[in-house]
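Novice:
Protein chains: 2
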Amino acid sequence: MVRKSPKVAGARKPNMREAILAAAEELFSTNGFNAVSVRDIAQAAGANPGSVTYHFETKDGLLLEIYKRHCGPMNLRRSELLSAAKRVRDLQDRLEAIVRAYVLPAFTSGSDLAGGGARFTRLRAVMSAEGNEVARKIIAQTFDDTSHAFIDAIHESLPHIPRNEIVWRSHFLLGALYYTLVTPERVSRLSRGSADGADPGLAIEELVRATVASFQAPPSDSTAPARRKAAATIKNQDER
Amino acid sequence: MVRKSPKVAGARKPNMREAILAAAEELFSTNGFNAVSVRDIAQAAGANPGSVTYHFETKDGLLLEIYKRHCGPMNLRRSELLSAAKRVRDLQDRLEAIVRAYVLPAFTSGSDLAGGGARFTRLRAVMSAEGNEVARKIIAQTFDDTSHAFIDAIHESLPHIPRNEIVWRSHFLLGALYYTLVTPERVSRLSRGSADGADPGLAIEELVRATVASFQAPPSDSTAPARRKAAATIKNQDER
DNA sequence: TGATCTTTTGTACGATAGTACAAATATGGT
DNA sequence: ACCATATTTGTACTATCGTACAAAAGATCA
Chain A
17 MVRKSPKVAG ARKPNMREAI LAAAEELFST NGFNAVSVRD IAQAAGANPG
67 SVTYHFETKD GLLLEIYKRH CGPMNLRRSE LLSAAKRVRD LQDRLEAIVR
117 AYVLPAFTSG SDLAGGGARF TRLRAVMSAE GNEVARKIIA QTFDDTSHAF
167 IDAIHESLPH IPRNEIVWRS HFLLGALYYT LVTPERVSRL SRGSADGADP
217 GLAIEELVRA TVASFQAPPS DSTAPARRKA AATIKNQDER
Chain B
17 MVRKSPKVAG ARKPNMREAI LAAAEELFST NGFNAVSVRD IAQAAGANPG
67 SVTYHFETKD GLLLEIYKRH CGPMNLRRSE LLSAAKRVRD LQDRLEAIVR
117 AYVLPAFTSG SDLAGGGARF TRLRAVMSAE GNEVARKIIA QTFDDTSHAF
167 IDAIHESLPH IPRNEIVWRS HFLLGALYYT LVTPERVSRL SRGSADGADP
217 GLAIEELVRA TVASFQAPPS DSTAPARRKA AATIKNQDER
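Rendered as structure tokens:
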């Protein structure tokens, strides 16, 4: 008897299903959904186009499976890191730990898939930019809980900042995160080669540092009655 | 006689070329390049598919023309606002003015095209996510000068921050900007309806506020020899 | 008005898309 | 060895893609 297991036969042979998933992930995340054909994916995976249909039925089904594969592990990792971060005493350090707990799983692998973290996050970035419907549904279902948990945790470490401000700023964090994964070479180009946009460690540190500071900014509404002047001057110029 | 003017006949008749450009802009910026067919564009513009070929030769040519149409005005506007911002005396206020000069033209119109600013910025976001080649070339040629000008200006108002840090943080700014235009409804959803992600005025204020704070964050390198401890603890946990 | 040029229309062609499906092959239990 | 099942292959169908191009329609000016 000993574990025959009709599916996922342990390891030995190259698993076509996995190869297709990996190829699709890579191609979708760099070229977008519509620019990649099922034939492209099959070729990259060393498979036959029919195999894709066999394993995933449709192209949408393939995308859906990629999401299902990654969402669980990544959110689990985030929960673990968030729990640990919440136990940090010092409020400043706790905030940084929370932000790091959000950012880190997006760059590194959320499961045993090699390098899958950054690739999957890049995929999510591209799908959200393309307004992909399949992705939109999954994302709202799967990530909103996590997002709320992080927003609440950040809010607790910054009680004087209104929750809406936290929402905005965590939205900006996600945008920065996505963009860094989608266009890392732009950083290298603009910094004249002295910084590598594709270096995950560096990107994480920079992103965490900047984001923590942004969360700590004073709220926009009904505060700082002074100061306003110079900014208002410029603003009037802006709008003719 | 009285103004016949072969092109751009003043107003009266609907200008097909403009209609096609507008339709393409809208469709590309919401669905991506590859998901939109020339026929879709023609239909949305009330034109014949052949007209698109006549005016722009190819689909790529149409995209190129959209970029040419907007890049000049938007960069001009940014230059004007940047010049004004640089004249602000107070360093803190100047930084805010510079950031605003960068953000504002991306939301509001850079020329007389109605509401074109946000739409075109959204288009750039989507194209960059899809790795579109036509866009990539134009962007590097057209926007890098502007980006450097802003980075330098910010650097001058924050002399103690290394230039590379400014590059990273302005990169994050652009990512946040893009993402806000691409997925505004996410803000509304997460803030439980009490904030409208699609409100440009609100988005600009929040973005400027958060970004200014992020620029002012202390540099990551070789600073703050204390503090490090708690963060390092969490980090070790992260990496197993 | 008639001649000339610009713009729009209608249609068609070859390429490629997603997917279906039967045949071929590999696999694992008996 | 045999069978049943799982997987892979090869191929074909239909739809739609970007684009070309000739004909129709509209505009401009002598």
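Going down the list, the sequences are from chains A and B.
Under the numbering used here, think of the first position of the first sequence as 17, with each following residue one higher.
Under the numbering used here, think of the first position of the second sequence as 17, with each following residue one higher.
The C-beta atom is built at its ideal place from N, Cα and C for all residues, glycine as well.
1) Assign G132(B) to buried or exposed, taking buried as 16 or more other Cβ atoms, counted over all protein chains shown, within 10 Å of its Cβ.
2) Taking CB distances under 8 Å as the criterion, tell me whether D160(A) reaches chain B.
3) Report the three-state DSSP secondary structure of N64(B) (helix, strand or coil).
4) Is it a yes or a no for the region 166 to 181 of chain A touching the region 162 to 175 of chain B, going by three-plus beta-carbon pairs under 8 Å?
5) Do T162(A) and S144(B) have their C-beta atoms within less than 8 Å of each other?
6) Write down the C-beta distance between A40(A) and L78(A) rounded to the nearest angstrom, noting that I regard them as a contact closer than 8 Å.
7) For the alpha helix (DSSP H) holding R116(A), just list the boundary residues, first then last.
8) By DSSP, does G147(B) sit in helix, in strand, or in coil?
9) Of the residues S99(B), L80(B), S53(B), which one's Cα is nearest the Cα of R140(B)?
10) What first and last residue would you give for the alpha helix (DSSP H) that runs through P200(A)?
11) Could you pull the start and end residues of the alpha helix (DSSP H) that L43(A) belongs to?
12) Let's see if you can read the secondary structure: which residues bound the alpha helix (DSSP H) around R94(A)?
13) Given a limit of 9 Å on CB to CB distance, which residues of the region 187 to 198 of chain A reach chain B?
14) Looking at T46(B): is its Cβ nearer than 8 Å to the Cβ of G191(A)?
15) If you check the beta carbons only, do V150(A) and D56(A) fall under 8 Å apart?
16) Beta-carbon of E41(A) versus every beta-carbon of chain B: anything under 8 Å?
17) State yes or no: is the C-beta of H187(B) within less than 8 Å of the C-beta of R202(A)?
18) Per DSSP, what kind of secondary structure is L189(B) in: helix, strand or coil?
19) CA-CA distance, R103(B) and R110(B)?
20) When you compare the CB positions of T158(B) and N64(B), do they come within less than 8 Å of one another, or not?
21) Please state whether the Cβ-Cβ distance between F49(A) and E146(A) is less than 8 Å.
22) Can you pull out the residues from the region 62 to 84 of chain B whose beta carbon lies closer than 9 Å to at least one beta carbon of chain A?
23) Is there a C-beta anywhere in chain B that falls below 8 Å from the one on A48(A)?
24) Which residues in the same chain as R185(B) place their Cβ atom closer than 7 Å to its Cβ, once the five residues preceding and following it in sequence are excluded?
25) Out of curiosity, what's the CA-to-CA distance linking I82(A) and R208(A)?
26) Report the residues of the region 131 to 165 of chain B with a CB closer than 8 Å to any CB of chain A, ordered along the chain.
27) If we define contact as Cβ-Cβ less than 8 Å, is E222(B) a contact residue for chain A?
28) Roughly how many angstroms lie between the CA atoms of I220(A) and M32(A), to the nearest whole one?
29) To the nearest angstrom, report how far apart R93(B) and P121(B) are at their CA atoms.
30) Can you grab the Cα-Cα spacing for the pair L223(A) / G213(A), in whole Å?
31) Can you tell which of D106(A), E112(A), V54(A), P216(A) has the C-alpha that lies nearest to the C-alpha of L97(A)?
32) Which of helix, strand or coil does DSSP assign to N180(B)?
33) Which of the three DSSP states, helix, strand or coil, is assigned to S236(A)?
34) Is the beta carbon of A60(A) less than 8 Å from the beta carbon of L43(A)?
35) Let me check you understand the geometry: is the CB of G88(A) closer than 7 Å to at least one non-hydrogen atom of the ligand ZN?
36) Between R55(A) and chain B, is the shortest Cβ-Cβ distance under 8 Å, so that the two count as touching?
Specialist: This is what the structure holds:
1) Translated into positions along the second sequence, residue 132(B) becomes position 116. Classification of G132(B): buried, given that the 10 Å Cβ count is 16 or more.
2) Locating residue 160(A) in the first sequence gives position 144, where the first residue counts as 1. Chain B contact via Cβ: present.
3) What you label residue 64(B) is simply residue 48 of the second sequence in a count that begins at 1. Coil.
4) no
5) Start at 1 with the first residue of the first sequence, and residue 162(A) comes out as number 146. Start at 1 with the first residue of the second sequence, and residue 144(B) comes out as number 128. No, Cβ-Cβ distance for T162(A) and S144(B) is not below 8 Å.
6) Working through the first sequence from its first residue, we reach residue 40(A) at position 24. Working through the first sequence from its first residue, we reach residue 78(A) at position 62. Right, the Cβ-Cβ distance comes to about 5 Å (below 8 Å), so this counts as a contact.
7) The count along the first sequence starts at 1 and reaches residue 116(A) at position 100. First-last of the alpha helix (DSSP H) with R116(A): 107 to 123.
8) Stepping through the second sequence from its first residue, residue 147(B) is reached at position 131. Coil.
9) The count along the second sequence starts at 1 and reaches residue 140(B) at position 124. Looking at the Cα atoms, L80(B) is the closest of the given residues.
10) In the first sequence, residue 200(A) corresponds to position 184, counting from 1. It spans 200 to 206 - the alpha helix (DSSP H) in which P200(A) sits, taken as one unbroken run.
11) On the first sequence, position 27 is the one that residue 43(A) refers to. Residues 32 to 47.
12) On the first sequence, residue 94(A) is found 78 positions in, with the first residue counted as 1. Residues 75 to 102.
13) H187, F188, L189, L190, G191, A192, L193, Y194, Y195, T196, V198
14) In the second sequence, counting from the first residue as 1, residue 46(B) sits at position 30. In the first sequence, counting from the first residue as 1, residue 191(A) sits at position 175. Going by C-beta atoms, T46(B) is not nearer than 8 Å to G191(A).
15) The residue given as residue 150(A) occupies position 134 in the first sequence. The residue given as residue 56(A) occupies position 40 in the first sequence. Cβ distance not < 8 Å, so V150(A) and D56(A) don't count as in contact.
16) Residue 41(A) sits at position 25 when you count from the first residue of the first sequence. Not an interface residue.
17) For the purposes of this step, residue 187(B) is taken as the residue at position 171 of the second sequence. For the purposes of this step, residue 202(A) is taken as the residue at position 186 of the first sequence. Yes.
18) In the second sequence, the residue the question calls residue 189(B) occupies position 173. Correct three-state label for L189(B): helix.
19) One-based indexing of the second sequence puts residue 103(B) at position 87. One-based indexing of the second sequence puts residue 110(B) at position 94. Each residue's alpha carbon lies about 8 Å from the other.
20) The residue given as residue 158(B) occupies position 142 in the second sequence. The residue given as residue 64(B) occupies position 48 in the second sequence. No, they are not a contact pair.
21) Indexing the first sequence from 1 puts residue 49(A) at position 33. Indexing the first sequence from 1 puts residue 146(A) at position 130. Cβ distance < 8 Å, so F49(A) and E146(A) count as in contact.
22) none
23) Stepping through the first sequence from its first residue, residue 48(A) is reached at position 32. The question names Ala, yet the displayed sequence has Gly at residue 48(A). Yes, because at least one Cβ of chain B sits closer than 8 Å to the Cβ of G48(A).
24) Working through the second sequence from its first residue, we reach residue 185(B) at position 169. Cβ neighbours of R185(B) beyond the five flanking positions: S230, F231.
25) What you label residue 82(A) is simply residue 66 of the first sequence in a count that begins at 1. What you label residue 208(A) is simply residue 192 of the first sequence in a count that begins at 1. Rounded to whole angstroms, I82(A) to R208(A) spans 36 Å at the Cα level.
26) The residues in question are A141, V142, S144, A145, E146, G147, A156, D160, S163, H164.
27) Residue numbering aside, residue 222(B) sits at position 206 when the second sequence is read from its first letter. Yes, E222(B) counts as interfacial toward chain A.
28) Sequence index remark: in the first sequence, residue 220(A) carries index 204 (1-based). Sequence index remark: in the first sequence, residue 32(A) carries index 16 (1-based). Going by the C-alpha atoms only, they are around 34 Å apart.
29) Within the second sequence, numbered from 1, the residue matching residue 93(B) stands at position 77. Within the second sequence, numbered from 1, the residue matching residue 121(B) stands at position 105. If you take the alpha carbons of R93(B) and P121(B), they lie about 7 Å apart.
30) In the first sequence, counting from the first residue as 1, residue 223(A) sits at position 207. In the first sequence, counting from the first residue as 1, residue 213(A) sits at position 197. Answer to the nearest angstrom: the Cα atoms are 11 Å apart.
31) By one-based count along the first sequence, residue 97(A) stands at place 81. Cα-wise, what sits closest to L97(A) is E112(A).
32) As a position in the second sequence, residue 180(B) is number 164, starting the count at 1. DSSP places N180(B) in helix when its eight states are reduced to three.
33) Counting from one through the first sequence, the residue named residue 236(A) turns up at place 220. If DSSP states are grouped into helix, strand and coil, S236(A) belongs with coil.
34) Along the first sequence, read from residue 1 onward, the residue named residue 60(A) stands at position 44. Along the first sequence, read from residue 1 onward, the residue named residue 43(A) stands at position 27. Taking 8 Å as the cut-off, the Cβ atoms of A60(A) and L43(A) count as close.
35) The ligand ZN is not part of this structure, which contains no ligands at all.
36) By 1-based counting over the first sequence, the position of residue 55(A) is 39. It does not: the Cβ of R55(A) has no partner Cβ on chain B nearer than 8 Å.
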